[in-house]
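This report concerns only the one structure given below.
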Amino acid sequence: MAQVLTELTAGPPAVARDQERIESETTTLVVENMHCGGCMRKVEQALSREPGVISARANLSARRVTVISEKGRRTADDLIEALAKAGYKAAPLLDDAGDAGRADKDFLRRVGVAGFAAANIMLLSVSVWSGQAGDMEQSVQTLFHWLSALIALPAVAYAGQPFFRSAVEALKARNLNMDVPISLAILLATGMSLFQTMRGSEHVYFDASVSLLFFLLIGRYLDQRMRTRAAGAAANLLGLRSMMATVVHADGSTERLPARLLSPGMRILVATGERIGVDGRIVDGAGAIDESLITGEAEPVTAEPGRQVFAGTLNMGQPLVIEATATNEGTLLAEIGRLMTAAEQGRGRYVRLADRAARLYAPAVHLLGLTTFIGWMLLGHEWEPALTAAIAVLIITCPCALALAVPAVQVAATSRLFGQGVLVKAPDGLERLAEIDTIVFDKTGTLTMGEPRLVDPQSCRDEILSRAAALAAASRHPYARAVVKEARARGLDPVAATNVREVAGAGLARETERGEERLGSALWCGVSGETGDLATLWFKPAEGDPVALRFEDHLRPDAAKVIGSLRKAGYRVELLSGDRQAAVEVAAREAGIEHWHARQNPAQKIARLEALKAEGRKVLMVGDGLNDAPALAAAHASISPSTAADVSQTAADLVFQGERLGAVAEALAVAKAAHRMALQNFGLSLGYNAIFVPLAVIGYATPLIAAIAMSSSSIAVTANAVRLRSKRLKV
Amino acid sequence: MTALAWLIPVALFLGGLGLAAFLWALNTNQFEDLDGAAWRALQDDETGPPNHRS
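Just so you know, the protein sequences line up as chains C and L, in that order.
Using the working numbering, you'd call the opening residue of the first sequence number 4 and step up by one each time.
Using the working numbering, you'd call the opening residue of the second sequence number 1185 and step up by one each time.
Spelled out as structure tokens, the structure:
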């Protein structure tokens, strides 16, 4: 026992004390695929093992990890490398939403204070109410009222600030929002109750005003937290595609710089698998470039010196040196971004449901309060009882349930969608989604998986496939990768061959004991007379005839089913793609879409959306490529898969993860259900008002009644919203 | 009446303790990663508390 005590009181171990003397720096990384406790531990362990790292703490909810390391010993890139070895994709945090996190804590503090005050005042109030029924002495009642006042005043002053500030802002802009009657009610109620306490009268409303504050703060906090979470997730997504580039100086040395420091004339070295950070001309190197980001076409284009390349495209072949002609704002990427911003502004201000309700509600409530006051005065009463009645009206009509109605439903809807891998970026995105009647899909990466797969895999013998895969493993060409993937799927475990040479635009080859093996285009493998409409890779074994490996970009597994159910539900479905006519026609047929257009550039996509809008339709755009981004911004609502370009993800209202297109149908169903439920909640709250407002006008709204009305309406509204989490929904 | 003179301050004090505890937990960022905290409770190979410098 004594030994245990000694250990407990010994203080921090010597090692920790030493560490405090070393200077440390903190790095925050975004980790994409950390999704459970096991991952969290692996991430922390992988980082802690790195020399120089003092501690690593993962945040599972935010998908981030904070690393404290000795100053200068480890760069962010080292840490990212360590995580990559452990199998986790990480990137430095680009845009820190730290401010939003602080706003959350601020709200929670106020909720805590309001909660404490509400509970303790209620403690005193319930005693007073039961005392009033029995035989509580006047002095005790007055004491309790004073205690309530002492608790209420600082609580209201601190916790009520968000509402007071918002109300003052609205009044300065000569507007009335929800917060004006709320602030008025709280201030008048507290002030009036203080006055009544000093006069020693019976009716005191501290419990009502503080409980009101408590419930309203909860509603605000939920709303705020949803935004913070969405903003944090969006910041993560951007970070995962952060743009750094390797600049080659005149003397041949290289330096890694962020994209914003690049300028025309610089030479950039783009490694295999890296995205090109500038518009420019290829100076050295050859291979293939994946331009799907810009054109939507999955098949790579040949790269050779002199060719024009664009920022955002992916280098598939050997490393390239590019001389920049346009950087940052001057690139095609930025131009598309500007198209997008213009479209977004043109969308117009969507007025949120709650604000629309506020526009009607606030003036109505004020009018009612005023009428009550005047009415009482006219009936010959003193100003005091008249004012009390008017205040009671203001409190009872206070939109406690109304302010909670929409956030509660949206939180339930958003968390239900989170659980299915759909990220809702902004609450009004969900509202707009409920109004949709037309859906426009992009093809590559949206309807399809975006990765080519082997057509008719059974026709290829295992032996052929494993040898082809051994060759293919040396290349980053999407078809080569698909061959390797198919081999792995069959359990063949391809081992990359070592003496492979790659010829840009033609294929791969290697020498074996039996002769030369080749994998590549028809010409490369000595096949003549190939029409090659469907993408084909030829494999010529050392002895024997060349074998054809055909590829296509498969539709998502549930695409046809989802399109079918959407059409059955009455949505008009269209397909707009930048890809070739033949490919789009095939895809449309397989998915069951009647209306389709091919070879669409961003401007044409927007034109089609405008045409649909002119017909009075509300369009949902589902797309992923950069060439979809302006359309995503121009549509009434938009959804993007998580594999999309970062620009598209920023433009979209919702982002869905995983392979299933069903997420789109889910989102639509949840949005519609949320809308219905929000209206139900409005109905509930108005119902409560209808019952209790007349009571308040006649003067029977005692503090007890007010408190009951408040709590029960809030609970009813929240309980209704919670139903959304488990309801069975169909489109 | 003497009972009240004791009980009310005690009630307020205890409530105040609760509020203080909540605010302390908030300030030490214990509400930031609730999912992660849930998983950590099940892990059994942690040798000590991490350095909280945030």
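Each residue gets a CB set at the ideal place from its N, CA and C atoms; glycine is no exception.
Only a predicted model underlies this, so the values are computations on that prediction, with no experimental measurement involved.
Under the three-state DSSP convention, the category residue i falls into
i                  : result
Pro-308 of chain C : coil
Val-281 of chain C : coil
Val-700 of chain C : helix
Ile-57 of chain C  : strand
Arg-352 of chain C : Any reading at Arg-352 of chain C needs caution, since the residue's pLDDT is 48, under 50, leaving its predicted position unreliable; the model's value is listed next. Coil, per DSSP.
Ala-408 of chain C : helix
Asp-293 of chain C : strand
Thr-30 of chain C  : strand
Asp-556 of chain C : strand
Pro-322 of chain C : coil
Lys-543 of chain C : strand
Val-427 of chain C : strand
Asp-2 of chain C   : What is shown of chain C runs 4 to 734, which leaves residue 2 of chain C out entirely.
Ser-245 of chain C : With a pLDDT of 46 at Ser-245 of chain C, under the threshold of 50, the modelled position of this residue cannot be trusted; read the value that follows with caution. Three-state result, Ser-245 of chain C: coil.
Gly-661 of chain C : coil
His-598 of chain C : strand
Asp-287 of chain C : strand
Arg-521 of chain C : strand
Ala-724 of chain C : helix
Glu-388 of chain C : For the record, residue 388 of chain C in the displayed sequence is Pro; it is not Glu. If DSSP states are grouped into helix, strand and coil, Pro-388 of chain C belongs with the helices.
Thr-12 of chain C  : Annotation note: pLDDT 44 at Thr-12 of chain C (below 50); position unreliable, coordinate value reported separately. Coil at Thr-12 of chain C, not helix or strand.
Thr-328 of chain C : strand
Pro-644 of chain C : strand
Pro-184 of chain C : helix
Neighbouring residues, chain L, relative to residue i (Cβ below 8 Å)
i                  : result
Asn-123 of chain C : Ala-1195, Leu-1196 and Gly-1199
Ala-65 of chain C  : Glu-1216 and Asp-1217
Gly-115 of chain C : Leu-1203, Phe-1206, Leu-1207 and Leu-1210
Cys-39 of chain C  : Trp-1223
Arg-112 of chain C : Leu-1207 and Leu-1210
Leu-126 of chain C : Ala-1195
C-beta atoms of residue i and residue j nearer than 8 Å
i                   : j                  : result
Ser-151 of chain C  : Leu-187 of chain C : no
Leu-215 of chain C  : Cys-42 of chain C  : no
Val-250 of chain C  : Asn-318 of chain C : no
Leu-522 of chain C  : Ala-476 of chain C : no
Glu-47 of chain C   : Arg-60 of chain C  : yes
Ala-408 of chain C  : Ser-729 of chain C : no
Val-286 of chain C  : Pro-308 of chain C : yes
Pro-455 of chain C  : Phe-542 of chain C : no
Arg-228 of chain C  : Ala-162 of chain C : no
Lys-267 of chain C  : Thr-316 of chain C : Residue 267 of chain C is actually Pro in this sequence, not Lys. No; because the gap between Cβ atoms is not below 8 Å, this pair is not in contact.
Leu-511 of chain C  : Glu-505 of chain C : yes
Gly-1199 of chain L : Ala-122 of chain C : yes
Asp-440 of chain C  : Arg-620 of chain C : yes
Gly-513 of chain C  : Asp-656 of chain C : According to the sequence as given, residue 513 of chain C is Arg; it is not Gly. No. Outside cutoff.
Met-195 of chain C  : Leu-390 of chain C : yes
Ala-366 of chain C  : Leu-179 of chain C : As written in the sequence, residue 366 of chain C is Pro, which differs from the Ala given in the question. Going by C-beta atoms, Pro-366 of chain C is nearer than 8 Å to Leu-179 of chain C.
Ser-51 of chain C   : Ile-71 of chain C  : no
Leu-457 of chain C  : Arg-493 of chain C : no
Distance between beta carbons of residue j and residue i, contact taken as under 8 Å
i                  : j                  : result
Ser-212 of chain C : Ala-155 of chain C : 7 Å
Phe-444 of chain C : Leu-578 of chain C : 5 Å
Gly-626 of chain C : Thr-501 of chain C : Contact doesn't hold; Cβ gap of about 42 Å is too wide.
Thr-69 of chain C  : Thr-29 of chain C  : 6 Å
Glu-3 of chain C   : Lys-92 of chain C  : Lying outside 4 to 734, the shown extent of chain C, residue 3 of chain C is not represented and no answer is given.
Val-159 of chain C : Ala-173 of chain C : The pair is not a contact, with the Cβ atoms about 19 Å apart (cut-off 8 Å).
Ala-499 of chain C : Ala-483 of chain C : 11 Å between Cβ atoms; not a contact.
Lys-608 of chain C : Ala-634 of chain C : 4 Å
Residue i: contacting residues in chain L (beta-carbon distance under 9 Å)
i                  : result
Phe-119 of chain C : Gly-1199, Gly-1200, Gly-1202, Leu-1203 and Phe-1206
Val-74 of chain C  : As written in the sequence, residue 74 of chain C is Lys, which differs from the Val given in the question. The contacting residues do not exist; Lys-74 of chain C stays about 13 Å from chain L at best.
Partners in chain C for residue i, counting only beta-carbon separations shorter than 9 Å
i                   : result
Asp-1228 of chain L : Correct list: empty, because the minimum Cβ distance to chain C is about 11 Å.
Where residue i meets chain L, residues with beta-carbon distance less than 7 Å
i                  : result
Arg-44 of chain C  : Gln-1227
Lys-108 of chain C : Leu-1210
Cutoff 8 Å: residue i Cβ touching any chain B Cβ
i                  : result
Pro-497 of chain C : The question asks about chain B, but that chain is absent: this structure's protein chains are C and L.
| field | Within 8 Å of chain C by C-beta, residues of the segment 1191 to 1208 of chain L in sequence order | value | Ile-1192, Ala-1195, Leu-1196, Gly-1199, Gly-1200, Gly-1202, Leu-1203, Phe-1206 and Leu-1207
| message | Closer than 7 Å between beta carbons: that is the criterion. Which residues of the segment 149 to 161 of chain C meet it against chain L? | response | Of all residues in the segment 149 to 161 of chain C, Leu-150 have a Cβ within less than 7 Å of some Cβ in chain L.
| task | Residues of the segment 49 to 64 of chain C with a CB closer than 7 Å to any CB of chain L: list them in chain order, please. | result | Those residues of the segment 49 to 64 of chain C that come within reach of chain L (Cβ to Cβ, closer than 7 Å) are Ile-57, Ser-58, Arg-60, Ala-61, Asn-62, Leu-63 and Ser-64.
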